[in-house]
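Residue numbers (my numbering): -17 to 122. Read the structure below first, then the notes.
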């Protein structure tokens, strides 16, 4: 990865998508981390309402598949983070749409809440990185 004085040099697509994904990851993670019961409350609501599971799955799949449709780059850490985030969302959404009962079982696992809270910290770091790439990076 080449570095200029302000930030990484990345593809134009990465430069466009990185701040959008970064802001979402940051805001979502902060929202979940601010309230200790947020993950449990959200998970419980999804498990109780199949239509909500379907709607969230459809949005996650559509957005993730859209990101991957326009961005399949693996050349540097920023490109990997954007593509991997899109893939994660697409697979997460597909699971919610095609196998909702399996997703409900996973959400009821005793370690689910602690794992999801840990993933929010990862989302916070990745989101901050992607936002900085979008704000400070340049086109390769």
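C-beta atoms are modelled at their ideal positions from N, C-alpha and C, and glycine is treated no differently. Treat the numbers as computed from the prediction; the structure is a model and nothing was measured.
- Counting of Cβ neighbours within 10 angstroms places residue 3 among the buried residues, the total reaching 16 or more.
- DSSP places residue 14 inside the alpha helix (DSSP H), whose first and last residues are -6 to 16.
- With respect to the C-alpha of residue 20, the residue from 115, 109, 117, 95 having the closest C-alpha is 95.
- In this structure, the alpha-carbon of residue 75 lies about 18 Å from that of residue 63.
- In the DSSP secondary-structure assignment, residue 120 is bridged to -9.
- In the three-state reduction of the DSSP assignment, residue 103 falls in the helix class.
- One Cα belongs to residue 73, the other to residue 66, and the distance between them is close to 10 Å.
- The three-state reading of DSSP puts residue 36 in helix, counting H, G and I together.
- The alpha-carbon of residue 122 is positioned some 6 Å away from that of residue -7.
- Shown here, residue 68 sits in a helix according to DSSP, grouped into three states.
- In the three-state reduction of the DSSP assignment, residue 77 falls in the helix class, which pools H, G and I.
- Cβ neighbours of residue 102 within its own chain (closer than 6 Å, five residues either side excluded): 11, 14, 15.
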